[in-house]
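Each number in our numbering corresponds to the 1-based position in the sequence shown with 1146 added.
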Amino acid sequence: MIKLKIEKEDFLHLLFPPRCPFCDEVLFHSLFAKGELICGECKHKLEYVREPACSRCGKPLEDERQEYCYDCGRKTFEYTQGKALWVYKGIVRDSLYRFKYHNRQEYAEYYSSELIREYGEWINKCNIQAVVPIPLSKKRLRQRGFNQAALVARKIGKKMNLPVFCDVLLRIKDTKAQKELNDEERKNNLKRAFKTRTNKVQLDHILLIDDIYTTGSTMNEAAKELKRAGVEKIYCLSVSIGRGY
Ligand SMILES: [Zn+2]
Ligand SMILES: [Zn+2]
């Protein structure tokens, strides 16, 4: 009798074949061999955040003489610096939507490997001691079943050998979707939305992870709370970001 030795990972691979995170087509080249987790067509369509970008939040800018985007030029942020991978539009926006609302948790693999390829060195330079995802409220977590930011954070932590703390920061207020609100409403919407589990967080440098960075209010409120608990510097990393001006 011939025994076929199938690794568990390969078996799962056949049951849930890898799909391109951007067009959702099955990646046949990755079925048996460890190939790229994106199709050739989408690879060329991705818009990566490149210089010139805002030195504070990382939004791509039009004018290279500008140091900060409009928002960062007039607001002070609690975090030290932020970086993001892709511009939030087109196939990136659709991909993040499926990731979050259609349970495409496997996309976190490609997101995280690209985040590390682009920003691994930056993460090392920032002397990060722990990775912390932007949390969801208990209610949201129950509805969705998983926290998309935590999926990305765990992969980054594993690949970069950094501890990931998913429960150091809590979301105590169930806020409305930020995209439905204007600037002023966003600020009030998030006021005291976060809380740390302990009064004193024994970490100096933390990397916050989120999927979408828009105005920065979410990252800012989370950073404010971590600083209140004694964290010295907070850095932010997002899968996608809007354009600055
Ligand atoms: Zn594709
Ligand atoms: Zn900015």
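Beta carbons are placed, not taken as given, at the ideal position from N, Cα and C, and that holds for glycine.
Check: Measuring straight from C-alpha to C-alpha, what distance separates K1221 and E1260?; Outcome: 30 Å
Check: For a test of your reading of the model: does the CB of R1165 fall under 8 Å from any non-hydrogen atom of ligand 2? Yes or no.; Outcome: no
Check: Rounded to whole angstroms, what's the CA-CA distance from L1297 to G1291? Just pull it up for me.; Outcome: 12 Å
Check: Between which two residues does the beta strand (DSSP E) holding C1382 run?; Outcome: 1379-1387
Check: Sorry if obvious, but does the Cβ on F1168 come closer than 8 Å to a heavy atom of ligand 1?; Outcome: yes
Check: Check this for me: beta carbons of I1387 and G1204, under 9 Å apart or not?; Outcome: yes
Check: Please say whether V1310 and A1299 have beta carbons closer to each other than 9 Å?; Outcome: yes
Check: At which residues does the beta strand (DSSP E) containing A1296 begin and terminate?; Outcome: Premise fails: A1296 lies in the alpha helix (DSSP H), 1294-1306, not in any beta strand (DSSP E).
Check: Taking 8 Å as the threshold, find out whether the stretch 1266-1284 comes into contact with the stretch 1238-1247 through three or more Cβ pairs.; Outcome: no
Check: At the level of alpha carbons, what is the spacing between C1382 and M1365?; Outcome: 7 Å
Check: Do Y1257 and P1167 have their C-beta atoms closer together than 9 Å?; Outcome: yes
Check: May I ask you to list the residues that DSSP assigns as paired with D1356?; Outcome: S1384
Check: Once DSSP output is grouped into helix, strand and coil, what is the label at T1342?; Outcome: strand
Check: Based on the DSSP output, what are the partners of L1316 in its beta bridges?; Outcome: K1341
Check: How big is the Cα-Cα spacing for D1217 and G1390?; Outcome: 8 Å
Check: By the DSSP assignment, the beta strand (DSSP E) with K1229 in it spans what residues?; Outcome: 1227-1233
Check: On the three-state DSSP scale, how would you describe E1238?; Outcome: According to the sequence shown, residue 1238 is Val rather than Glu. Helix at V1238.
Check: Going by DSSP, what residues sit across from R1165 in a beta bridge?; Outcome: V1172
Check: Assuming K1229 contacts I1262 (C-beta within less than 8 Å), just tell me the rounded distance between them.; Outcome: Contact doesn't hold; Cβ gap of about 12 Å is too wide.
Check: Specify, as a first and last residue, the run of the alpha helix (DSSP H) that A1369 falls within.; Outcome: 1363-1374
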